[in-house]
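Everything in the sequence shown is counted per the working numbering, starting at 729 for the first residue and increasing by one. Beta carbons: idealized from backbone N, C-alpha and C, even for Gly. Treat the numbers as computed from the prediction; the structure is a model and nothing was measured. Presented below is the structure to which this report refers.
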Amino acid sequence: FGSSVGWMAFYSAITYGIRTRGVELMVHLDETAKLVCNELLVSSPDLNLTFECGDMLEHSISDASVLLLASQCWDSDLKDLVCAKIEAELPPGGVVVDYSETTLGESVVMKCTAKCDGLGVSWNESQSFYVYE
């Protein structure tokens, strides 16, 4: 959730060939991702990648196996709503990767099973990522 212009979604679909759906609330970011995706599909028609513009709280995650949250800018109320959604909808065996340890930190269902520190990303030279199962 929070796929922006789609770079993480493109990465997972192209690098690993997994079915990927990006969900972004901001129309201009979603439109950019769709434009690039449509150009990619011309040369890679088997790419299983889609983008949807909308509220992540209204999108089903009942078929997700891996969920990436771009939650570093979310307020605590939104994080609580997303946590409740994940607890209610993510199927057994589902994995969540998050930039923040606070989104699922209080979850009674999801537990942090791994933390990766010091990863360089465009907004931070030393970003931590948290994996929940």
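Integer-rounded CB distance, given that residue j should sit under 8 Å from residue i
i      : j      : result
Arg747 : Glu780 : Wrong, their Cβ atoms sit about 13 Å apart, outside the cutoff.
Glu752 : Gly730 : 7 Å
Leu847 : Leu809 : Incorrect: roughly 27 Å between the Cβ atoms, too far for contact.
Segment limits, beta strand (DSSP E) that includes residue i
i      : result
Val751 : 748-752
Phe738 : Premise fails: Phe738 lies in the alpha helix (DSSP H), 735-744, not in any beta strand (DSSP E).
Glu780 : 777-781
Leu785 : Careful: Leu785 lies outside any beta strand (DSSP E) and carries neither H nor E.
Same chain, Cβ closer than 7 Å to residue i, neighbours up to 5 away in sequence not counted
i      : result
Met736 : Leu796
Leu768 : Leu775
Val755 : Cys781
Cys765 : Gly734, Leu777, Phe779
Gln800 : Tyr827, Ser828
Proximal residues to residue i (C-beta, below 6 Å), its chain only, five neighbours per side dropped
i      : result
Ala741 : Thr748, Leu775, Leu777
Cys844 : Phe857
His787 : Val751
Delimiting residues of the alpha helix (DSSP H) encompassing residue i
i      : result
Glu767 : 755-771
Leu806 : 804-817
Among the options, the one whose alpha carbon lies nearest that of residue i
i      : options                        : result
Glu834 : Val823, Lys807, Phe857, Tyr827 : Lys807
Ser772 : His756, Thr743, Leu757         : Thr743
Asp783 : Glu853, Val764, Val836, Ser732 : Ser732
Glu829 : Gln855, Gly822, Val849         : Gln855
Neighbourhood of residue i by C-beta distance below 8 Å, restricted to the same chain and skipping five residues each side
i      : result
Leu832 : Cys811, Ile814, Val824, Asp826, Met838, Cys840, Tyr858, Tyr860
Any C-beta of chain D under 8 Å from that of residue i
i      : result
Trp851 : Absent here is chain D; the protein component of the structure consists of one chain.
Curious, which full-length alpha helix (DSSP H) runs of at least 4 residues does the region 821-859 contain? Runs of the alpha helix (DSSP H) inside the region 821-859: none found.
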